[in-house]
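Number of protein chains: 2
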Amino acid sequence: VNFQDELFLLDCGEATQMQMRKYNIKFQRINHIFITHLHGDHYLGIMGLLFTYHLLGREKTLHIYASPGLRDIINLQIHLSGCSLVYPIQFHPLNHSLSEKIFENDKIIVETIPMIHRIPTSGFIFREKQKLKNIRIEALADENPSHDDFENIRRGADFISPNGKIYPNDDITVNPPPSRSFSHCSDTLFSDSLVKYIKNSDLLYCEATFSKDKADKASEKFHCTTEDAAMLAKIADARRLIIGHFSARYEDIDLNSLLLESKNIFPNTELAIEGSVFNL
Amino acid sequence: VNFQDELFLLDCGEATQMQMRKYNIKFQRINHIFITHLHGDHYLGIMGLLFTYHLLGREKTLHIYASPGLRDIINLQIHLSGCSLVYPIQFHPLNHSLSEKIFENDKIIVETIPMIHRIPTSGFIFREKQKLKNIRIEALADENPSHDDFENIRRGADFISPNGKIYPNDDITVNPPPSRSFSHCSDTLFSDSLVKYIKNSDLLYCEATFSKDKADKASEKFHCTTEDAAMLAKIADARRLIIGHFSARYEDIDLNSLLLESKNIFPNTELAIEGSVFNL
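Residue numbers (our numbering), protein chains in the order written: chain A, 1 to 280; chain B, 1001 to 1280.
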């Protein structure tokens, strides 16, 4: 997730660093890595990335949000490598059984979503905070508001001039663009219980490991089908859906039929093809 | 190492399985994996490979020869993944401080070489066993040797016919092709002490992390320069040398000058370019 040129990495499978190089992603800008769960395809690339940062002389703290076991995996491998990293890691152990706020800065919040999978797993929601209103400067051309006045107006206050003239807030501001949200659900069984967390997401990524005819297999493996993902997007009133995490049984040529299965239920579906960029 | 269509894997860096797919290496034929040491670039791809074998329903035992710590790394990650592999792993912990025979079948032997590196490290030598002589059938055209006679002749015995005629072994056999050997030295500081292990190797792979002008850096990091590798090949009377493991500071365009530095000392040097095949 690229938010104002700070990068947030969601999961880190084997060879993620090679892929980031291939797609010219400036991975030195990553300060926060979120790992959904400890199946290999979701985290095996993290050690290589940690060692690469070490070799590159990284200085900034790297924050890792993951199952507590990942800390053991990382510490054991650093210990056995005989080196100590030249930069600090701050590890944030996740409680996968509930939804909690795990990150906040002045612009965004990240919360977890309890997924339903074979091992403890969390999805993640990125929410922009409520933005301040924009001031229509021309409506205050006769006045000379202070810095504090501007801040108060942006938060919704009316402006009262030194001579007592009242400018109602609605007359001197325009509403900010709506706050956006992105939900990442991987890996999980379909369940209505997820809807409350991801309601009204502007963009929902949901795994769709199997085609609709493999619903039994999906239940057995605690994964979604193409239809499960689409149903989740529909019930949650998402604006757009990205499906991915397709089983290795599907060749590139099969992906269009997977897409169509989702689109039949939720037309605004796209495929998570490697290297794709989704703007929000 | 491909020996009669059985594959032996030496080290397994991140994305090794992707590279094996790219170069059409039938990695289901690998039954033995040898890991030199626990720096990430030498082993971080093994977990992904183990999980892939699991997904592919492997049945055969996989033998892993490595530092004891790798067993902990593997077991921890299997445990946290919540799955148990569908095939057995037999782990062979290495004693990096000495040379020992760690593998033998009817055709080859694999021994370790104690390397000199920042953490415990072993190189490996693959040696073909002494082959049996080939029988010149036409020289025994008047006789009717038994199966046992043939075996004895191939091992060097004369043949004595039922009527007492002696066929000296040299007259009825030709020598087998010489037994071949391949030595793999990575990662290590240059040292004369390595020579006795790798003497007369038909093919020597030696790391050459740095160019000759970076000898100080090489010593500091316990690595070889291009000249170190060439000197090792020369003193050990190797037939051919492959150099590789070049520092990331070198671009592809620099490799030819690295090669020339080695060739100045040991002319029969080649570069370990990804995807290259060296026949022996």
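Cβ atoms here follow ideal geometry from the backbone N, Cα and C, with glycine treated the same way.
Can you list the residues of chain B that residue i reaches, using a CB-CB cut of under 7 Å?
{"i": "residue 18 of chain A", "result": "1015"}
{"i": "residue 47 of chain A", "result": "1040 and 1044"}
What's the C-alpha gap between residue i and residue j?
{"i": "residue 1179 of chain B", "j": "residue 1017 of chain B", "result": "31 Å"}
{"i": "residue 64 of chain A", "j": "residue 90 of chain A", "result": "6 Å"}
{"i": "residue 95 of chain A", "j": "residue 1270 of chain B", "result": "53 Å"}
{"i": "residue 266 of chain A", "j": "residue 1052 of chain B", "result": "33 Å"}
{"i": "residue 169 of chain A", "j": "residue 177 of chain A", "result": "17 Å"}
{"i": "residue 43 of chain A", "j": "residue 159 of chain A", "result": "53 Å"}
{"i": "residue 47 of chain A", "j": "residue 157 of chain A", "result": "50 Å"}
{"i": "residue 199 of chain A", "j": "residue 183 of chain A", "result": "9 Å"}
{"i": "residue 1069 of chain B", "j": "residue 73 of chain A", "result": "12 Å"}
{"i": "residue 27 of chain A", "j": "residue 137 of chain A", "result": "39 Å"}
{"i": "residue 1146 of chain B", "j": "residue 1161 of chain B", "result": "11 Å"}
{"i": "residue 1105 of chain B", "j": "residue 1087 of chain B", "result": "22 Å"}
{"i": "residue 277 of chain A", "j": "residue 1236 of chain B", "result": "54 Å"}
{"i": "residue 93 of chain A", "j": "residue 75 of chain A", "result": "14 Å"}
Report buried or exposed for residue i, applying the criterion of at least 16 other Cβ atoms within 10 angstroms of its Cβ.
{"i": "residue 114 of chain A", "result": "buried"}
{"i": "residue 130 of chain A", "result": "exposed"}
{"i": "residue 174 of chain A", "result": "exposed"}
{"i": "residue 61 of chain A", "result": "exposed"}
{"i": "residue 245 of chain A", "result": "buried"}
{"i": "residue 167 of chain A", "result": "buried"}
{"i": "residue 1205 of chain B", "result": "buried"}
{"i": "residue 1011 of chain B", "result": "buried"}
{"i": "residue 77 of chain A", "result": "buried"}
{"i": "residue 108 of chain A", "result": "buried"}
{"i": "residue 1201 of chain B", "result": "buried"}
{"i": "residue 50 of chain A", "result": "buried"}
{"i": "residue 141 of chain A", "result": "exposed"}
Measure the CB-CB distance between residue i and residue j and report whether it falls below 7 Å.
{"i": "residue 1225 of chain B", "j": "residue 1121 of chain B", "result": "no"}
{"i": "residue 1123 of chain B", "j": "residue 1185 of chain B", "result": "yes"}
{"i": "residue 1 of chain A", "j": "residue 126 of chain A", "result": "yes"}
{"i": "residue 1009 of chain B", "j": "residue 1033 of chain B", "result": "yes"}
{"i": "residue 230 of chain A", "j": "residue 262 of chain A", "result": "yes"}
{"i": "residue 1045 of chain B", "j": "residue 1006 of chain B", "result": "no"}
{"i": "residue 1240 of chain B", "j": "residue 1203 of chain B", "result": "yes"}
{"i": "residue 1038 of chain B", "j": "residue 1067 of chain B", "result": "yes"}
{"i": "residue 1223 of chain B", "j": "residue 1187 of chain B", "result": "yes"}
Taking residue i as the query, report the chain A residues whose CB atoms sit under 8 Å from its CB, ordered along the chain.
{"i": "residue 1071 of chain B", "result": "Within 8 Å Cβ-Cβ: nothing; residue 1071 of chain B doesn't reach chain A, min ~11 Å."}
Name the residue from the options whose alpha carbon lies nearest to the alpha carbon of residue i.
{"i": "residue 151 of chain A", "options": "A/117, A/200, A/133 and A/43", "result": "A/133"}
{"i": "residue 1181 of chain B", "options": "B/1110, B/1234 and B/1168", "result": "B/1110"}
{"i": "residue 243 of chain A", "options": "A/211, A/78 and A/196", "result": "A/211"}
{"i": "residue 1189 of chain B", "options": "B/1144, B/1116, B/1254 and B/1001", "result": "B/1116"}
{"i": "residue 1209 of chain B", "options": "B/1027, B/1155 and B/1258", "result": "B/1258"}
{"i": "residue 1165 of chain B", "options": "B/1183, B/1139 and B/1206", "result": "B/1139"}
{"i": "residue 59 of chain A", "options": "A/71, A/4, A/81 and A/29", "result": "A/29"}
{"i": "residue 1172 of chain B", "options": "B/1216, B/1183 and B/1153", "result": "B/1153"}
{"i": "residue 1221 of chain B", "options": "B/1247, B/1205 and B/1020", "result": "B/1247"}
{"i": "residue 238 of chain A", "options": "A/7, A/71, A/47 and A/196", "result": "A/196"}
{"i": "residue 1085 of chain B", "options": "B/1057, B/1098 and B/1251", "result": "B/1057"}
{"i": "residue 101 of chain A", "options": "A/112, A/241, A/216 and A/69", "result": "A/112"}
{"i": "residue 1251 of chain B", "options": "B/1235, B/1156, B/1273 and B/1264", "result": "B/1273"}
{"i": "residue 1264 of chain B", "options": "B/1236, B/1162, B/1227 and B/1255", "result": "B/1227"}
{"i": "residue 1144 of chain B", "options": "B/1155, B/1233, B/1074 and B/1163", "result": "B/1163"}
{"i": "residue 40 of chain A", "options": "B/1128, B/1081, B/1031 and B/1119", "result": "B/1081"}
{"i": "residue 1232 of chain B", "options": "B/1216, B/1268, B/1256 and B/1249", "result": "B/1268"}
{"i": "residue 1249 of chain B", "options": "B/1214, B/1236, B/1079 and B/1119", "result": "B/1214"}
{"i": "residue 298 of chain A", "options": "A/279, A/275 and A/87", "result": "The displayed coordinates of chain A run from 1 to 280. Any statement about residue 298 of chain A would go beyond what the structure contains."}
{"i": "residue 1128 of chain B", "options": "B/1279, B/1278, B/1256 and B/1003", "result": "B/1003"}
{"i": "residue 1234 of chain B", "options": "B/1191, B/1216 and B/1256", "result": "B/1191"}
{"i": "residue 1118 of chain B", "options": "A/148, A/149, A/279 and A/79", "result": "A/79"}
If the cut is a Cβ gap below 7 Å, which residues of chain A does residue i touch?
{"i": "residue 1118 of chain B", "result": "82"}
For residue i, go through chain A and note every residue whose CB falls closer than 9 Å to its CB, in chain order.
{"i": "residue 973 of chain B", "result": "Residue 973 of chain B is absent from the model: chain B starts at 1001 and stops at 1280."}
{"i": "residue 1009 of chain B", "result": "Here the premise fails: no neighbours, minimum Cβ distance about 16 Å."}
{"i": "residue 1076 of chain B", "result": "69, 72, 73 and 76"}
Give a single yes or no on whether residue i has its beta carbon closer than 6 Å to a heavy atom of the ligand GDP.
{"i": "residue 1164 of chain B", "result": "Looking at this structure, you won't find the ligand GDP or any other ligand, since it has none at all."}
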